[in-house]
Amino acid sequence: MSYAQKVLADVKAHHPGEPEFHQAVEEVLGTLDPVLKAEPKYEKNCVLERLVEPERIIMFRVPWVDDKGGLQINRGYRVQYNSAIGPYKGGIRFDASVNLSILKFLGFEQTFKNSLTTLPMGGGKGGSDFAPRGRSDAEVMRFCQSFMTELYRHIGPDTDVPAGDMGVGGREVGYMFGQYKRLANEFTGVLTGKGLSFGGSLIRPEATGYGDVYFAQNMLAMKNDTIEGKVCSISGSGNVAAYAAEKLIQLGAKPVTLSDRSGWIYVKDGIDAGMLAEIMDLKQVKRGELKEFAAGKKGVEFNAEGRPWQVKVDCAFPCARQNELDGKDAQTLLDNGCKLVAEGANMPSTPEAIEKFLGAKILYSPGKASNAGGVSVSGLEMSQNSERLSWTSEEVDAKLKGIMKSIHDNAWNSAEKYGFKGNYVVGANIAGFTKVADAMIAQGWV
Ligand code: NDP
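In the numbering used here, the protein residues as written are 9 to 454.
This is how it looks when you write it as structure tokens:
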């Protein structure tokens, strides 16, 4: 049994009932053998044993009052996963499905992702099983205030800097920032994804979706190809999906699908800028469902069943949630001639799907590489907050493009160095791992 296999077996035994966490650890540890064999220092210093154990987990009760005057109780979490290369950094997720397994998987992934960005950020993730859908603004505000009333004592601009994730957008970040400021009596960059008038960065809302498409452009360039004219499927219609669609349209590609919990839409002639603006208003402002958008619209097909992956496309961008694309979906995409899959969500492809993509040798990028644009611009927001300056959209976008290229090249070169040319899974895992692991060794057995 190899060192990585032994640690993985220990994880399964010591973290029972956490399938998402096991899946994420297995996906990374399963690719590290070449570097672990070449560099015995990692085993000697128990780097893997330490990496699979979050540095700290905070769990707390979140009581809040609903609009009827009743008391509601949710559970809040912050997983401060790894601070070897910088303060903990990672989003907050509000969704009924949130549990420790999901947040540990996300914190683990975030550690490698942040390492890849080239910026000094450790890994963290947090959230609650609170679902904002169907709640009034006042309820969301009271929930966010109560959540931050406990969280504020554990975070800080040099300690832990949360951001948004699924179910947490500008509105929620604003409410949490307001409560933090009130409790801590200081105006600091303790959260990213803030509003522009109070320290937010231009291009932060767009960054994950744009970055995903920039990463796809870099992959296509390795085959002397471009994104222009490519027919693309996208899942989700939230923050990441909407801005991936926007960038694809700007670059002359043709996004044909989007999805949400109500189902998915197929627009054969391509979702255009006008349709996308309507969808963004529906999802982000009115908080409605795609089935409302599709109702009675010519050329827009709505499907309550199935997934967008059954459509014939050149490129696919899974941008909704974990494990939303399984082995069967992957086979359908491949049978239909799909040549590129660039993950915008975290761990959207199941292990069976990844195996199929790698087996078929298409261009496939794991989320930790291709969705790192969001946390990268969060890192840039932290820099702007420290400098008390705001950079222009052009400056931030140019930096984002540069970071996505360097993540791409780093993953490509690491894969090639260890004999896995073109395998972005191996490349991203090894590149993300070595930086964190070397910093951990340098800092002693802590
Ligand atoms: P949002 O909440 O803005 O959007 C999530 C989308 O996924 C929505 O369209 C939602 O539908 C859909 N969705 C969620 N759960 C389900 C489900 N069970 N079935 C069908 N559809 C579902 O989140 P984000 O766009 O911010 O995040 C999407 C993914 O990207 C997540 O994996 C997140 O971790 C990852 N990510 C996000 C980053 C960011 O900067 N925001 C950064 C890096 C990664 P509905 O509208 O009906 O709820």
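Note that CB positions come from ideal geometry on N, CA and C, so glycine has one too.
None of the values given here were measured: they were computed from a predicted structure.
Compute every distance between the C-beta of residue i and the non-hydrogen atoms of the ligand NDP, then say whether any falls below 7 Å.
| i | result |
| --- | --- |
| M174 | yes |
| E402 | no |
| R269 | yes |
| A353 | yes |
| C152 | no |
| E286 | no |
| N311 | no |
| E180 | no |
| N379 | yes |
| K291 | yes |
| S245 | yes |
| G142 | no |
| V221 | no |
| V169 | no |
| V248 | yes |
| Q330 | yes |
| V297 | According to the sequence displayed, residue 297 carries Glu and not Val. For the ligand NDP, at least one heavy atom lies less than 7 Å from the Cβ of E297. |
| C240 | no |
| T126 | no |
What is the rounded straight-line gap between the Cα of residue i and the Cα of residue j?
| i | j | result |
| --- | --- | --- |
| V169 | V60 | 21 Å |
| G178 | Q187 | 14 Å |
| Q225 | P71 | 46 Å |
| T400 | K133 | 28 Å |
| N82 | R64 | 20 Å |
| C152 | P356 | 27 Å |
| M412 | A419 | 11 Å |
| A455 | G278 | Nothing about residue 455 can be read from this structure; the chain reaches only from 9 to 454. |
| P42 | P128 | 26 Å |
| R212 | A353 | 16 Å |
| F223 | G78 | 47 Å |
| K439 | E194 | For the record, residue 439 in the displayed sequence is Ala; it is not Lys. Looking at the two C-alpha atoms, the distance is approximately 37 Å. |
| Q31 | G98 | 19 Å |
| G164 | A447 | 22 Å |
| D18 | E26 | 13 Å |
| Q451 | V55 | 12 Å |
| C346 | K429 | 20 Å |
| V36 | E300 | 40 Å |
| G208 | K306 | 39 Å |
| S267 | F310 | 9 Å |
| V404 | S384 | 10 Å |
| V33 | F185 | 32 Å |
| K291 | L341 | 27 Å |
| L371 | N393 | 37 Å |
Using the rule of at least 16 other Cβ atoms within 10 Å of the residue's Cβ for burial, across every protein chain shown, is residue i buried or exposed?
| i | result |
| --- | --- |
| E363 | exposed |
| N379 | buried |
| F120 | buried |
| D220 | buried |
| V319 | buried |
| A46 | exposed |
| D322 | buried |
| W453 | exposed |
| P263 | buried |
| K49 | exposed |
| K231 | exposed |
| P24 | exposed |
| H8 | Only positions 9 to 454 of the chain appear in the structure, and residue 8 is not among them; the question remains open. |
| F206 | exposed |
| V293 | exposed |
| T234 | exposed |
| A269 | Checking the sequence shown, residue 269 turns out to be Arg, not Ala. Exposed, since its Cβ has fewer than 16 Cβ neighbours within 10 Å. |
| A350 | buried |
| R315 | buried |
| A92 | buried |
| A328 | buried |
| Q88 | buried |
Which residue or residues does DSSP assign as beta-bridge partners of residue i?
| i | result |
| --- | --- |
| I456 | The shown model of the chain, from 9 to 454, leaves out residue 456, and the question about it has no answer. |
| L371 | L348 |
| T265 | Y274 |
| P48 | None; P48 has no bridge partner. |
| W72 | Q80 |
| P326 | S243 |
| G197 | For G197, which the question treats as bridged, DSSP gives no partner whatsoever. |
| L298 | DSSP lists no partner for L298. |
| Y85 | M67 and G135 |
| S357 | L333 |
| E309 | Y274 |
| G164 | D168 |
| N90 | G131 |
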